[in-house]
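A.B. asks: Can you keep this structure in mind? I'll have questions shortly.
Printed below as a string of structure tokens:
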């Protein structure tokens, strides 16, 4: 357990240290969610005029919940890119050679991802507040929203790390990113689930991310919905992807 | 296909050629070169000496800051199109498109060099066979080994049958077999086709083996020029180092070798003698040692190397210099 | 006299190489074609209720949205053209070409020719997908042909931008870094809503000044309106202007990259 902790701490430290020393690394993680917030909340705000659109805090808050969780997911994805780069450059082999408990490597990357996302999430939240977002949830509910973000980041990071460890090349980028992107957008991004029609409604209804986003919006609006379901889904995804990442690590170990 | 060629004077001639970069030292600092037609000229120097910069100027890819040069009788500044038409160049980077096949590279080059349409396929096949890439011709270059890429690079330089060939460090990074094969081809081009070859290299043995004459460049200036043998002879004569089988024979060994030149005892129990008359004395040394029943453990002939030439001219060794 | 192939033959040789290169890199071929279609499929359905906003110009959001993949695809063409030319600069392949009698105009046009082929194939694919998903064209068969022509012109314009960036920056990584900025211009436009229905004033202002809005509106007019001369003039006008400016700037940049004394 101690060795696991040392390795985790070491890998996480490197991740944070690299971000502090070279802040440009974190810029895409910040720019993309801010951009989506601006483009969706700004460009599509007329959607709140659609009959039966009844989200009380308004369209900016409606979009913020999605963008907040999306930033968490993409933060995990960017961690996968970093892992792929480490394998491509050979640094990952150094980590494998020098770590007495290799599962700590995965944990370290995940911890680094979580800590980086806390910075991103804070900036995105401040930006939304400055843009006049209404918040109707109380402190506990907003903490719940934060918890959803952490859970999303955790699950996405494990997915991305798993893919990166299986493929061990920077060309794994699209394969890491696309499924996450598609899964996020096959959810009620622009309008509530009740206003979706056709095949997108059918897919969104069964998409686990829908419950997470709806729960986030509910917490922000002070009317929590599906909170337990959302956390259970995120926990389940975390367990599944942790297993996936561990198998990726085993694959990397076998490859040498 | 007849390439333009001005037969007057040397194939390559540079007069006080200079290249200065902004905010930097002079990469090439007033060099004079004259390469005769059909000669293999080796341009030897460490990394950063100015070899590639010189090649870029002579191949019209970089304008000189001062001085002048002619290649194939054409001025590099005023008649650059004619220069390019009369030369082939395999530059330091192999510069190939990983997505294209070898055959596609040659066809593209042939088209751009202005070969008539009916001649392109024929010439492509000729060159593929010449450099031994016929079987790999339709594979993408991304899958070629380093040696295969260099061979293709050479073939591309020869598409339009130039009379003058520039090779910029052509064997860097190649395995010994690929290197030997490339050397063989370069020698054949010069010997059988009378091609003038300007070869830059940082490898002593390459310059020694291939070049008719060598120019040694360091920090932008030519520090020595001549045939390999003459350059080495300028530095010193060969020497023989003998180690006797019995330590007690060291005294006798020294006396016997004193008859051939000034001998010196080495710290490893050997005696070394310089041979001012050259290595022809070696046979006589062996006879004398044999006739005095002196049993020998080792006998080695040491020749001065181009590295010794470089050391004498610059105070530094060439091998490992500039790294 | 130096042997020389005609400009046409030189352009053809370079364009052939460019097109072959593009079609052989399947990941670079399919992803740029697929991604806009994925967004079209998702957003076309997810935003279908947007047509209930009073004043929305059509009952089919898909018809409204169809212009987007064409412009998005053209941006991918731009990146492809740029990174491939930048790669030639970085690897020294441009030096190899500089040693031949290749004219600098032929190099530039040939490179763009390959991008143009890619852009044309993409446009046809998007058109077929649009038709397959039930989009009808208010301008009829003639309008479909004009739509293809406008789309190809837009692809060419963005390709010239990619080529100019490649020659100026000389690095594929730098081009990839600029890529997100292109997409910002796409989203800060009338890509999702008509300009007159954008609520946020600042966003409406940005979209009004953004030339990408007029490219989209030109294409869109052929789908949902019929023949709108003003929209078409702006669409063609902006793309031709972009192509002209980029070509004029790229020409000296190419001459200096194909450094020859």
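Protein chains in written order, with my numbering: chain A, 5 to 260; chain B, 164 to 486; chain C, 10 to 270.
Cβ coordinates follow ideal geometry from the N, Cα and C atoms, glycine included.
No experiment lies behind these values; they were computed from the predicted model shown.
#1: Tell me, please, whether the CB atom of residue 175 of chain B is closer than 8 angstroms to any CB atom in chain C?
#2: For chain C, find out if any of its Cβ atoms is closer than 8 angstroms to the Cβ of residue 290 of chain B; answer yes or no.
#3: Residue 230 of chain C: buried (16+ other C-beta within 10 angstroms of its C-beta) or exposed?
#4: Suppose you measure from the CA of residue 230 of chain B to the CA of residue 160 of chain C; what does that come to, to the nearest Å?
#5: Check the DSSP bridge columns for residue 387 of chain B and list the partner residues they point to.
#6: Can you confirm whether the region 100–115 of chain A touches the region 136–154 of chain A when touching is taken to mean that 3 or more C-beta pairs between the two stretches lie within less than 8 angstroms?
#7: Excluding five sequence neighbours on each side, which residues of the same chain lie with their C-beta closer than 6 angstroms to the C-beta of residue 348 of chain B?
#8: Quick one, which of B/241, B/324, B/267 has its alpha-carbon nearest residue 302 of chain B's?
#9: Ignore the nearest five residues each way along the sequence and tell me which others in residue 17 of chain A's own chain have a CB closer than 7 angstroms to its CB.
#10: Listed from N- to C-terminal order along the chain, which residues in the region 52–63 of chain C have their beta-carbon within a distance smaller than 9 angstroms of any beta-carbon of chain A?
#11: Quickly, what does DSSP pair residue 361 of chain B with across the bridge? List them, please.
#12: On the three-state DSSP scale, how would you describe residue 14 of chain C?
#13: Tell me which same chain residues have a C-beta within less than 6 angstroms of the C-beta of residue 412 of chain B, skipping the five on either side of it?
#14: Look at the alpha carbon of residue 227 of chain B and the alpha carbon of residue 380 of chain B, and state the distance between them as a whole number of angstroms.
#15: Is residue 275 of chain B near residue 106 of chain C, with beta carbons less than 8 angstroms apart?
#16: With a threshold of 8 angstroms between beta carbons, is residue 206 of chain C in contact with chain A?
#17: Could you have a look at residue 183 of chain B and say whether DSSP puts it in helix, strand or coil?
#18: Please confirm whether residue 244 of chain B has its beta-carbon closer than 8 angstroms to some beta-carbon of chain C.
#19: May I ask you to report which of helix, strand or coil DSSP gives residue 200 of chain C?
#20: Does any C-beta atom of chain C lie closer than 8 angstroms to the C-beta of residue 121 of chain A?
#21: For the alpha helix (DSSP H) containing residue 142 of chain A, name the first residue and the last one.
#22: Quick check: is the beta carbon of residue 201 of chain C nearer than 8 angstroms to any beta carbon in chain A?
#23: Check the C-beta distance from residue 198 of chain C over to residue 216 of chain C and give it rounded, since I have them as a contact under 8 angstroms.
#24: Could you tell me the alpha carbon to alpha carbon distance between residue 232 of chain B and residue 177 of chain B, rounded to whole angstroms?
#25: Report yes or no: is there a C-beta of chain A within less than 8 angstroms of the C-beta of residue 233 of chain C?
#26: Could you check if residue 238 of chain A belongs to the surroundings of the ligand MN, using beta carbon to heavy atom distance under 7 angstroms?
#27: Among C/94, C/140, C/133, which has the Cα closest to the Cα of residue 82 of chain C?
#28: For residue 110 of chain C, which of helix, strand or coil comes out of DSSP?
#29: Taking only beta-carbon atoms, is residue 43 of chain A less than 8 angstroms away from chain C?
#30: Go ahead and label residue 15 of chain C buried or exposed: buried means 16 or more other beta carbons lie within 10 angstroms of its beta carbon, across all protein chains shown.
#31: Does the CB of residue 181 of chain C have a neighbour CB from chain B at under 8 angstroms?
#32: Expressed to the nearest angstrom, what Euclidean distance is found between the alpha-carbon atoms of residue 437 of chain B and residue 473 of chain B?
#33: Is residue 80 of chain C closer than 8 angstroms to residue 224 of chain C when the C-beta atoms are compared?
#34: Is the shortest distance between the beta-carbon of residue 193 of chain C and the beta-carbons of chain A less than 8 angstroms?
#35: Among C/179, C/164, C/92, C/96, which has the Cα closest to the Cα of residue 78 of chain C?
#36: Taking residue 186 of chain C as the reference, give the member of A/6, A/28, A/23, A/12 with the closest Cα.
C.D. replies: Checking against the coordinates, here is how it stands:
#1: Residue 175 of chain B sits at position 12 when you count from the first residue of the second chain. No - not a single Cβ of chain C is within 8 angstroms of the one on residue 175 of chain B.
#2: Residue numbering aside, residue 290 of chain B sits at position 127 when the second chain is read from its first letter. Taking Cβ atoms only, chain C never reaches closer than 8 angstroms to residue 290 of chain B, which makes this a no.
#3: The count along the third chain starts at 1 and reaches residue 230 of chain C at position 221. Buried, because 16 or more other Cβ atoms sit within 10 Å of the Cβ of residue 230 of chain C.
#4: As a first step, residue 230 of chain B is located in the second chain; it is residue number 67 there, counting from the start. As a first step, residue 160 of chain C is located in the third chain; it is residue number 151 there, counting from the start. Spanning the two alpha carbons is a distance of roughly 52 angstroms.
#5: Taking the second chain and counting its residues from 1, the one referred to as residue 387 of chain B is at position 224. Residue pairing of residue 387 of chain B in beta bridges, as defined by DSSP: B/379.
#6: no
#7: The count along the second chain starts at 1 and reaches residue 348 of chain B at position 185. Same-chain partners within the cutoff: there are none.
#8: Within the second chain, residue 302 of chain B is the residue found at index 139, counting from 1. The candidate whose alpha carbon is nearest that of residue 302 of chain B is B/267.
#9: Translated into the one-based positions of the first chain, residue 17 of chain A becomes position 13. Nothing meets the Cβ criterion.
#10: 52, 53, 54, 55, 56, 57, 58, 59, 61, 62, 63
#11: Translated into the one-based positions of the second chain, residue 361 of chain B becomes position 198. Per DSSP, B/204, B/329.
#12: As a first step, residue 14 of chain C must be located in the third chain, where it is residue number 5. Coil.
#13: Along the second chain, read from residue 1 onward, the residue named residue 412 of chain B stands at position 249. Same-chain partners within the cutoff: 457.
#14: Stepping through the second chain from its first residue, residue 227 of chain B is reached at position 64. Stepping through the second chain from its first residue, residue 380 of chain B is reached at position 217. Each residue's alpha carbon lies about 17 angstroms from the other.
#15: Residue numbering aside, residue 275 of chain B sits at position 112 when the second chain is read from its first letter. Residue numbering aside, residue 106 of chain C sits at position 97 when the third chain is read from its first letter. Yes, they are a contact pair.
#16: Numbered from 1 along the third chain, position 197 holds the residue referred to as residue 206 of chain C. Cβ-Cβ to chain A under 8 angstroms: yes for residue 206 of chain C.
#17: As a first step, residue 183 of chain B is located in the second chain; it is residue number 20 there, counting from the start. Residue state, collapsed to three classes: strand.
#18: Your numbering for residue 244 of chain B matches position 81 in the second chain. Closer than 8 angstroms to some Cβ of chain C, the Cβ of residue 244 of chain B qualifies, so yes.
#19: Here residue 200 of chain C refers to the residue found at position 191 of the third chain. Looking at residue 200 of chain C - three-state DSSP - the assignment turns out to be coil, as it is neither helix nor strand.
#20: Within the first chain, residue 121 of chain A is the residue found at index 117, counting from 1. No, its Cβ sits nowhere closer than 8 angstroms to a Cβ of chain C.
#21: Residue mapping note: residue 142 of chain A aligns to position 138 of the first chain, counting from 1. Segment: none, residue 142 of chain A is in no alpha helix (DSSP H) and carries neither H nor E.
#22: Here residue 201 of chain C refers to the residue found at position 192 when the third chain is read from its first residue. At least one chain A Cβ lies under 8 angstroms of residue 201 of chain C.
#23: As a working note, residue 198 of chain C is residue 189 in the third chain. As a working note, residue 216 of chain C is residue 207 in the third chain. That pair is a contact at about 5 angstroms.
#24: For this step, residue 232 of chain B is matched to residue 69 along the second chain. For this step, residue 177 of chain B is matched to residue 14 along the second chain. Approximately 4 angstroms between the Cα atoms of the pair.
#25: By 1-based counting over the third chain, the position of residue 233 of chain C is 224. Output row for residue 233 of chain C: interface = no.
#26: This structure simply doesn't include the ligand MN, nor any ligand for that matter.
#27: Position 73 of the third chain, counting from 1, holds the residue named residue 82 of chain C. When each option's Cα is compared against that of residue 82 of chain C, the closest is C/133.
#28: Position 101 of the third chain, counted from the start, is the residue given in the question as residue 110 of chain C. Assigned with DSSP and collapsed to three states, residue 110 of chain C falls in coil, not helix or strand.
#29: Locating residue 43 of chain A in the first chain gives position 39, where the first residue counts as 1. Chain C, which has a Cβ nearer than 8 angstroms to the Cβ of residue 43 of chain A, makes this yes.
#30: For the purposes of this step, residue 15 of chain C is taken as the residue at position 6 of the third chain. Exposed: under 16 other Cβ atoms inside 10 Å.
#31: The residue you call residue 181 of chain C lines up with position 172 of the third chain. So no, residue 181 of chain C is outside the interface.
#32: Position 274 of the second chain holds residue 437 of chain B. Position 310 of the second chain holds residue 473 of chain B. Between residue 437 of chain B and residue 473 of chain B, the C-alpha separation is close to 20 angstroms.
#33: Position 215 of the third chain, counting from 1, holds the residue named residue 224 of chain C. Position 71 of the third chain, counting from 1, holds the residue named residue 80 of chain C. In this structure, residue 80 of chain C lies closer than 8 angstroms to residue 224 of chain C by Cβ.
#34: Counting from one through the third chain, the residue named residue 193 of chain C turns up at place 184. Output row for residue 193 of chain C: interface = yes.
#35: Working through the third chain from its first residue, we reach residue 78 of chain C at position 69. The candidate whose alpha carbon is nearest that of residue 78 of chain C is C/164.
#36: What you label residue 186 of chain C is simply residue 177 of the third chain in a count that begins at 1. Measuring from the Cα of residue 186 of chain C, the nearest candidate turns out to be A/28.
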